[in-house]
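**Student:** Residues 1026 to 1416 (our numbering) make up the sequence shown, in order.
First the structure, then my questions, so here it is.
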Amino acid sequence: MGKARSSEPVTVFPKEARSAFRKAILNWYDRNGRQLPWRVSADPYRIWLSEIMLQQTTVAAVVPYFERFSAECPDVATLAATPLDRVMRLWEGLGYYSRARNLHRAAQAIMTEFGGQIPEDLESLQSLPGIGRYTAGAVASFAFNRPAPIVEANTERLYARLMALPEDVRSTASQKRLWQFAEEIVPSSRAGDFNQALMDIGSQVCTPATPLCDDCPVRRWCRAASEGTQHEIPRRKARTAITPVCEVAIAIRYKDSWCLRRRSPEERWAGMWDFLRQEVPETTLSFLPSAQSGSKAPRKQPALFDHSPEFPRELHEMTQPYLIHPPGTVNRWTEFSYSVTRYKVRLAVLECVVDRRVKLPDNFCWAKVSDFEALPLSMTGRRIANWLVTE
Ligand code: SF4
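In structure tokens form, the structure reads like this:
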């Protein structure tokens, strides 16, 4: 883009082109902007909630969660007063559960520190749990029309192509340039519409695999398109290899109740309820009969306490504190697979029936089918619960 004179600060977008660029973006938005549930008003609460939900999640996945959540918690005060378990239950299935915990904490902080009003300035917004630079910029511009810059996945790709950014887009130097670009282009009026337009252009026109350059409102300012490099940008370093992992979950059942454990703050899915679960070496699962997943009558029904060499030691250790009265048996089992970050997990689920209901430690409970509905479960915990009650 334009060459800066030595006496001026180095810019990444030429000043003389900014006005026409902004106009093209806003004209496009007036004709093509998406109608989304959180865009029907400039309510900062709805905007904040939607932005937190949209982190790492698609619009299509968020819409039903947003509708449900905002119907039950329509404002900051209601959210702050809602029990955390209920908030987690409303969030269940969206993933990245620290977002829900931070949202709840932030609502309480807004009530105590900001008189129940969501702050307008970037610094105050970023002082709240779960609000980083992007979310602060989105709330400040969408809700309050402040000229705040934004960089998220769609705008990152759009800016990178407009600049023909040559380096890994995640590098510190690239991020700095992207934020500088965003700061330089944001207008002082209609900043909210402008930023939403950039996100829409990124998601609908400047798409990852097949950018629609012929229909693009900013084609004339795009270096990647003029150089023919739009399919190579944004550049990224190769991803870390996927690591296979094995886990066992044990659903201990006594009559019509199953033993659940609340996951601790330092674990993944902190605060959610789950079945007893731990990572095991793949060999641990070799005692399971093959090709009978889900069967109610597996070929073998090893007694949990017979110390048979067929039943792995790790599983004895996992269940011993809760199964003091033998015998318990593996009643049925199944397997799921799921992916989390760079792990591909093979999860074996065993339902073990016991004949006494032992007293459980804190953070454990006996849950009936009717309790499953109210308790927030980890995503795979919900799959297990559904399998237990429907198979
Ligand atoms: Fe993206 Fe093509 Fe538009 Fe450039 S011209 S911003 S590559 S859609």
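From the three backbone atoms N, C-alpha and C, an ideal C-beta is built for every residue, glycine too.
As the structure is a prediction and not an experimental result, all values here were calculated from the model.
(1) List the DSSP bridge partners of residue 1363.
(2) Can you tell me whether residue 1237 sits near the ligand SF4, meaning its C-beta is under 7 Å from at least one heavy atom of the ligand?
(3) Could you say which of 1098, 1063 and 1070 lies nearest to residue 1084 if we only look at CA atoms?
(4) Is it buried or exposed, residue 1406, if we count other Cβ atoms within 10 angstroms and call 16 or more buried?
(5) Buried or exposed: where does residue 1252 fall if 16 or more other Cβ atoms within 10 Å of its Cβ makes it buried?
(6) By Cβ distance below 6 Å, which residues in the same chain neighbour residue 1205 in space, the five residues on each side in sequence not counted?
(7) Alpha carbon to alpha carbon, how far is residue 1040 from residue 1289? Give it in angstroms, no decimals.
(8) With a threshold of 7 Å (Cβ to nearest heavy atom), would residue 1051 be considered close to the ligand SF4?
(9) How about residue 1249: is its Cβ closer than 7 Å to a heavy atom in the ligand SF4?
(10) Straight-line CA distance for residue 1358 to residue 1341?
(11) May I ask whether a heavy atom of the ligand SF4 can be found less than 7 Å away from the beta carbon of residue 1229?
(12) Only counting the same chain, and skipping five residues up and downstream in sequence, which positions put a Cβ closer than 7 Å to that of residue 1182?
(13) So does residue 1176 have its beta carbon nearer than 7 Å to some heavy atom of the ligand SF4?
(14) Could you pull out every residue in the same chain whose Cβ sits closer than 7 Å to the Cβ of residue 1213, ignoring the five residues on either side in sequence?
(15) According to DSSP, is residue 1122 part of a helix, a strand, or is it coil?
(16) Taking just the CA atoms, how far does residue 1373 sit from residue 1070?
(17) Confirm, please, whether the CB-CB distance from residue 1075 to residue 1087 is below 8 Å.
(18) With distances taken from CA atoms, which of 1116, 1159 and 1360 is nearest residue 1296?
(19) Please confirm whether residue 1241 and residue 1385 have their CB atoms less than 8 Å apart.
(20) May I ask you to report which of helix, strand or coil DSSP gives residue 1356?
(21) By Cβ distance, which residues of its chain are closer than 7 Å to residue 1254, with the 5 residues on each side in sequence left out?
**Tutor:** On the basis of the data shown:
(1) 1370
(2) yes
(3) 1063
(4) So residue 1406 ends up on the buried side.
(5) exposed
(6) The residues are 1037.
(7) 52 Å
(8) no
(9) yes
(10) 16 Å
(11) no
(12) 1227, 1231, 1233 and 1259
(13) False, no ligand heavy atom lies under 7 Å from that Cβ.
(14) 1172
(15) coil
(16) 41 Å
(17) Yes, the Cβ-Cβ distance between residue 1087 and residue 1075 is below 8 Å.
(18) Ranked by Cα distance from residue 1296, the first of 1116, 1159 and 1360 is 1116.
(19) no
(20) Note: residue 1356 maps to strand in three-state DSSP.
(21) 1189
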